[in-house]
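Contents: one structure, followed by commentary.
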Amino acid sequence: MPTKTARRRALTYSQVEAGAQAARPVLHRKGQEIQLYGKIAKLPIALDEKVCAASAENLNQLLADTITLRDLYKKHHWQVAGHTFYQLHLLFDKHYNEQNELVDTIAERIQSLGAISLAMAADVSETTIIPRPPRGREEVPVQISRLLEAHEIVLKEARTMAREAAEAGDDSTNDLFVSDVIRTNELQVWFLAEHAVDVPLVRVDQAKAAASSG
Ligand SMILES: [Fe+2]
């Protein structure tokens, strides 16, 4: 009489598979998009479709620029050099995390409007208006200038977009621009800009002190 192990070996592969079909993952599906980018799948939020579309268009521009600014912080977090390495390495990552929170808030507002948020790097790079940095490493003053310029681009567009959302009656989007985007960016600008003030590290500049007292 064959043993249990011998009986199991005698089974073909399809016999082993039989009886588990319903539990197998269904793979390699292809299909049409259920919603095209730029189209609104209206939700019952008491906002006109045209208002939702206009807000979503602005939010997607801001999303692309916020993703780019976020990633610029991570680039500089990795590539920073010099005697301020440790503090800037930490500060850049703190700002990266705060920008990452904004990315999610902006993207989910777009979805709440019944629109589609940008997501992938290729789409972001086609959309952002923040200048592309070189792949290589830059000095700290250049890193800080580049970040400050990116912040200013975001702040300028966010202020305009906030006004447009308020005029259209989209209060929630207006609140996001003001309470989240503008406030976070302004605070980060302050922390960064103070690193671009040229003050002596150890000794007072005697020549400058004499000139200002005389
Ligand atoms: Fe890190």
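Numbering of the sequence shown is given in the numbering used here, commencing with residue 834 and proceeding in unit increments.
Virtual Cβ for every residue (Gly too), placed ideally from N, Cα, C.
This structure is a prediction, so every number in the text was calculated from the model and none was measured.
For Val1011 and Gln894, the rounded distance between their alpha carbons: Walking along the sequence shown from the start, residue 894 turns up at place 61. Walking along the sequence shown from the start, residue 1011 turns up at place 178. For Gln894 and Val1011, the distance between alpha carbons rounds to 16 Å.
Exposure label - Val936; buried when at least 16 CB within 10 Å: For this step, residue 936 is matched to residue 103 along the sequence shown. Its Cβ being crowded by 16 or more others within 10 Å, Val936 is buried.
Limits of the alpha helix (DSSP H) - the one that Arg996 falls within: Locating residue 996 in the sequence shown gives position 163, counting from the first residue. Val973 to Ala1001 is the extent of the alpha helix (DSSP H) around Arg996.
Skipping 5 residues on each side, what residues in its chain have a beta carbon closer than 8 Å to that of Lys1041? The count along the sequence shown starts at 1 and reaches residue 1041 at position 208. There are no such residues.
Backbone secondary structure at Leu1020 - three-state DSSP: Residue numbering aside, residue 1020 sits at position 187 when the sequence shown is read from its first letter. Helix at Leu1020.
Measuring CB atoms only, is the stretch 992-1003 touching the stretch 906-922, in the sense that at least three cross pairs come out at less than 8 Å? The answer is no - the stretch 906-922 does not touch the stretch 992-1003, with fewer than three Cβ pairs under 8 Å.
When you compare the stretch 881-901 with the stretch 938-954, are there three or more beta-carbon pairs, one atom per stretch, that lie closer than 8 Å? yes
Extract the residue ranges of the alpha helix (DSSP H) inside the stretch 877-929, only unbroken runs of 4 or more that lie entirely within it. Here the runs fully enclosed are 882-912.
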